[in-house]
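If you read the sequence shown in numbering that gives the first Met the number 0, its first letter stands for residue 0, the second for the next number, and so on.
We put the CB at the ideal spot given by N, CA and C, even for glycine.
The block underneath contains the structure these notes are about, expressed in structure tokens.
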Amino acid sequence: MRIKKKIKYKINSEIRSKVVRLVGKNIKPKVYPLKQALKIAKDLSLDLVEINPKVTPTICKAMNFSKFLYNLKKMKKKYKKNVILTKEIRLTSQTNIHDLSFKIENAKKILKSNNKVKFYIFFKGKGIFYKYLGEKMLLKCIELLSNITKVEIPPRIEEKKMFIVLIPKVSHTNTTTTKVQKLN
Numbered sequence: 000m001r002i003k004k005k006i007k008y009k010i011n012s013e014i015r016s017k018v019v020r021l022v023g024k025n026i027k028p029k030v031y032p033l034k035q036a037l038k039i040a041k042d043l044s045l046d047l048v049e050i051n052p053k054v055t056p057t058i059c060k061a062m063n064f065s066k067f068l069y070n071l072k073k074m075k076k077k078y079k080k081n082v083i084l085t086k087e088i089r090l091t092s093q094t095n096i097h098d099l100s101f102k103i104e105n106a107k108k109i110l111k112s113n114n115k116v117k118f119y120i121f122f123k124g125k126g127i128f129y130k131y132l133g134e135k136m137l138l139k140c141i142e143l144l145s146n147i148t149k150v151e152i153p154p155r156i157e158e159k160k161m162f163i164v165l166i167p168k169v170s171h172t173n174t175t176t177t178k179v180q181k182l183n
């Protein structure tokens with residue numbers, strides 16, 4: 000996930016350019032002296048906001064700045080709220096009891112933070128002939144986590160990989176974005 004640095008917008012009297020290209024709703028895009036651009040924005044009961052200071056002349060937009068910030072904040076909140084991670088935990092068909100219990104505890108932590116867990120077993124070489132051992136291991140994971148999870152995808156095999164996906168019982172996963180992260 001890319002983290003954008005916080006942008007500081009210059010508005011009205013904070014703008015230092017002598018000449019600006021003014022854009023906005025009901026405004027013909029044109030180059031104006033700063034004082035005239037400020038007057039046009041004030042007459043329309045709008046703020047003059049510096050959009051791109053790196054070009055010559057500086058691009059400014061006449062807009063309701065507080066409404067712009069409100070909509071920006073609302074969009075960030077919307078996207079932040081809907082992200083559910085799918086974290087992967089790798090097992091083998093011969094994983095011992097201690098390692099399995101450790102991985103189950105990690106899965107519980109992940110599920111408590113309202114994320115999905117994907118347990119998978121990768122079969123190497125002739126291990127694919129012993130699919131039933133892998134399925135047995137995945138069913139054991141389902142059994143150990145049955146009190147806090149629902150099975151979203153039951154044991155399924157794709158090429159040399161068998162997997163299950165578990166979700167928390169109290170989950171709101173109807174319209175969300177999913178990201179995958181591996182844990183080993």
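- Taking a cut-off of 8 Å for Cβ pairs, the segment 115-133 and the segment 82-97 touch, as three or more such pairs fall below it.
- DSSP places TYR31 in the strand class (E or B) of the three-state scheme.
- With respect to LEU43, ASN11 sits apart: the two C-beta atoms are not nearer than 9 Å.
- Excluding the 5 residues flanking it on each side, LYS9 has same chain C-beta neighbours closer than 8 Å at ARG15, VAL48, GLU49 and PRO52, in chain order.
- Taking the CA atoms as reference points, LYS130 sits about 30 Å from ASN113.
- Each of LYS168, LYS17 and GLN35 was checked against the Cα of ILE109, and the nearest Cα belongs to LYS168.
- Minimum Cα-Cα distance from GLN35 among the listed residues VAL19, ILE163, ASN105 and LEU99 corresponds to VAL19.
- Excluding five sequence positions before and after MET62, the CB atoms of its chain that fall closer than 7 Å to its own CB belong to GLY23, LEU45, ASP46 and VAL48, given in chain order.
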